[in-house]
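**Student:** Residue numbers (the numbering used here): 879 to 1267.
1. Taking residue 1050 as the reference, which of 1245, 1201, 1263 has the closest Cα?
2. In whole angstroms, what is the alpha-carbon distance linking residue 927 and residue 899?
3. Tell me the residue span of the alpha helix (DSSP H) that contains residue 894.
4. If you drop the 5 nearest sequence neighbours on each side, which residues of the same chain put their C-beta closer than 8 Å to that of residue 977?
5. Can you list, in chain order, the residues of its chain whose CB lies under 6 Å from that of residue 1239, leaving out five sequence neighbours each side?
6. Starting from residue 1120, trace the alpha helix (DSSP H) both ways and give me its first and last residue.
7. Less than 8 Å between the C-beta atoms of residue 1058 and residue 1064, yes or no?
8. Label residue 1004 either buried or exposed according to how many other C-beta atoms from any shown protein chain fall within 10 Å of its C-beta, with 16 as the threshold for buried.
9. Within the same chain, show all residues whose beta-carbon is closer than 8 Å to that of residue 1221, passing over the 5 residues directly before and after it, in chain order.
10. Out of curiosity, what's the CA-to-CA distance linking residue 1143 and residue 1041?
11. For residue 1043, which of 1119, 1035, 1193, 1095 has the nearest alpha-carbon?
12. Just how far apart, CA to CA, sit residue 1195 and residue 1067?
13. Do the segment 1078 to 1090 and the segment 1159 to 1169 touch if we need at least three Cβ pairs shorter than 8 Å?
14. Can you have a look at residue 1048 and say buried or exposed, based on whether 16 or more other CB atoms are within 10 angstroms of its CB?
15. By Cβ distance below 8 Å, which residues in the same chain neighbour residue 969 in space, the five residues on each side in sequence not counted?
16. Within the same chain, show all residues whose beta-carbon is closer than 6 Å to that of residue 1138, passing over the 5 residues directly before and after it, in chain order.
17. So, for residue 943: in the same chain, excluding its five sequence neighbours on each side, which residues have a beta-carbon less than 8 Å away from its beta-carbon?
18. Using the DSSP secondary-structure output, state which residues sit across from residue 1076 in a beta bridge.
19. Mark residue 1038 as exposed unless 16 or more other C-beta atoms lie within 10 angstroms of its C-beta, in which case mark it buried.
20. Give the DSSP-derived three-state secondary structure of residue 1039 in the structure shown.
21. Hey, residue 1055 and residue 1034: beta-carbon distance below 8 Å or not?
22. Could you check what DSSP says for residue 1211 in three-state terms: helix, strand or coil?
23. According to DSSP, which residues form a beta bridge with residue 1191?
24. Pick helix, strand or coil for residue 1129, following the three-state DSSP scheme.
25. Are the CB atoms of residue 1125 and residue 1090 nearer to each other than 8 Å?
26. Does the Cβ of residue 1198 have 16 or more other Cβ atoms within 10 Å, making it buried, or fewer, making it exposed?
27. How would you write the range of the alpha helix (DSSP H) that residue 1245 sits in, first residue to last?
28. Could you spell out the range, first to last residue, of the beta strand (DSSP E) harbouring residue 1219?
29. Just grab the DSSP bridge partners of residue 960 for me.
30. So what does DSSP say about residue 1070, is it helix, strand or coil?
31. CB-CB under 8 Å to residue 1250, same chain, minus the five flanking residues each way: which ones, in chain order?
32. Which complete beta strand (DSSP E) runs does the segment 914 to 999 hold, if anything under 3 residues is left out?
33. For residue 1254, which of helix, strand or coil comes out of DSSP?
34. If you pair each beta-carbon of the segment 1178 to 1187 with each one of the segment 1225 to 1245, do three or more pairs fall below 8 Å?
35. Determine, using beta carbons only, whether residue 1141 and residue 1189 come nearer to each other than 8 Å.
36. Assign residue 1001 to buried or exposed, taking buried as 16 or more other Cβ atoms, counted over all protein chains shown, within 10 Å of its Cβ.
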């Protein structure tokens, strides 16, 4: 172990170095503070033995500079002082000195001091290695989470897409790398279009695993099999019931909310099942709107829950706006939630251009939060019905 010995007195340096060599150390001498600073960096030294009184950079200043340069690596500093320099020792402690020795140097005391310094240095090395391993693990986990986030986003539709007489616009802002939110739309047939938005309880990886599982499961075929009844009529409650049976576990507290719907182009009727998801809004181009749904039970929360299919007019030039509870529950610095009224005012303002509704809400929420990241995942999913020319 390298030890930098700093003293402008060559005899004192040589004496201390001889003792350190006998103790098994590799002392390197410096006649002034500037040279000592260079040696500490070059040798990656863990221990410095320095005199208090030196021309140029004294022991106080040397200690301050070592502390400023060493960063995460700790250097143990043993300062040699005179017998009557108690006030200087207080100053040295404030500078960052770890231990003291009084002149004249006593070999036995120096031995004890060095052994203590070595133990601390070894502990610092072990701690530094553990921190390095932890940092590598953190970086590895972060890379995995970034990959997971990219995989999750690939399950989501693009921000702007179209099918026949429907145009879809969305914004997705996860509170972490991955999210418990998921949404999508599907062409079921020439007559029917299916869509859904869901929100898993909780946040982070655990919630994301369930949302991805549902995202893989709910496809156009899934809608055809379970959201269309045997008589050919839309029944999204059938699909939600199948999800409930699949994901309910008596020994689990995991659950999710979902809004699942089928648009009938021929009748301009929205057939929907609301299972705990916030009530969507159907918005006209003039900004007028109506809320649909009455709550419902979340999926996989209780055994043998029942779900119902509701119906609402959904005409051309109207927009269905779905939003996760992260939109209305987002709080400002005073702890005040964004709320339903502000949400509806923002939607009404942007209603003339449905494509801009999601981004307008994201911007309004960012301003409400004063740039502070959202604490909950945010989904804004709008379906605009347009006349096919």
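Virtual Cβ for every residue (Gly too), placed ideally from N, Cα, C.
Here the structure is a predicted model, which is why all the values come from computation and not from measurement.
**Tutor:** Answer, in terms of the structure:
1. Here the closest residue by C-alpha is 1201.
2. When rounded, the distance between both Cα atoms is 14 Å.
3. Looking at the DSSP string, the run of the alpha helix (DSSP H) that includes residue 894 is 888 to 900.
4. The residues are 954, 955, 956, 957, 991, 994, 995.
5. Close CB contacts of residue 1239 within its chain, under the 6 Å cut and outside five residues either way in sequence, are with 1224, 1258 (chain order).
6. 1114 to 1125 is the extent of the alpha helix (DSSP H) around residue 1120.
7. Against a cut-off of 8 Å, the Cβ pair of residue 1064 and residue 1058 comes out as no contact.
8. The C-beta of residue 1004 has fewer than 16 other C-beta atoms within 10 Å across all chains shown, which makes the residue exposed.
9. The answer, listed in chain order, is 1201, 1205, 1206, 1239.
10. Whole-angstrom Cα-Cα distance: 11 Å.
11. Taking only the C-alpha atoms, the option nearest residue 1043 is 1193.
12. So the alpha carbons of these two residues sit roughly 21 Å apart.
13. Not touching, per the Cβ criterion.
14. Per the 10 Å Cβ criterion, buried.
15. Correct list, in chain order: 938.
16. Within the same chain, residue 1138 has close Cβ partners 1074, 1114, 1117, 1118, 1151.
17. Taken in chain order, the residues that qualify are 911, 915, 935.
18. According to the DSSP secondary-structure assignment, residue 1076 is paired through a beta bridge with 1060, 1136.
19. By the neighbour-count rule (16 or more Cβ atoms within 10 Å), residue 1038 is not buried but exposed.
20. Strand at residue 1039.
21. Result no, Cβ atoms of residue 1055 and residue 1034 do not sit closer than 8 Å.
22. DSSP, read as helix, strand or coil, puts residue 1211 in coil.
23. In DSSP, residue 1191 forms a bridge with 1147.
24. The answer is coil: DSSP assigns residue 1129 none of H, G, I, E or B.
25. Against a cut-off of 8 Å, the Cβ pair of residue 1090 and residue 1125 comes out as no contact.
26. When all chains shown are included, residue 1198 counts as buried.
27. Element bounds for residue 1245: 1235 to 1246.
28. Looking at the DSSP string, residue 1219 is not in any beta strand (DSSP E); the run it does join, the alpha helix (DSSP H), is 1217 to 1228.
29. Assignment of beta-bridge partners to residue 960 by DSSP yields no partner.
30. In the structure shown, residue 1070 sits in a strand (DSSP, three-state: E or B).
31. Around residue 1250: 1211.
32. Qualifying beta strand (DSSP E) stretches, in chain order: 925 to 929, 954 to 959, 977 to 980.
33. Here residue 1254 sits in coil by DSSP.
34. No contact exists between the segment 1178 to 1187 and the segment 1225 to 1245.
35. Cβ distance not < 8 Å, so residue 1141 and residue 1189 don't count as in contact.
36. Counting Cβ neighbours within 10 Å, residue 1001 comes out exposed, since fewer than 16 surround it.
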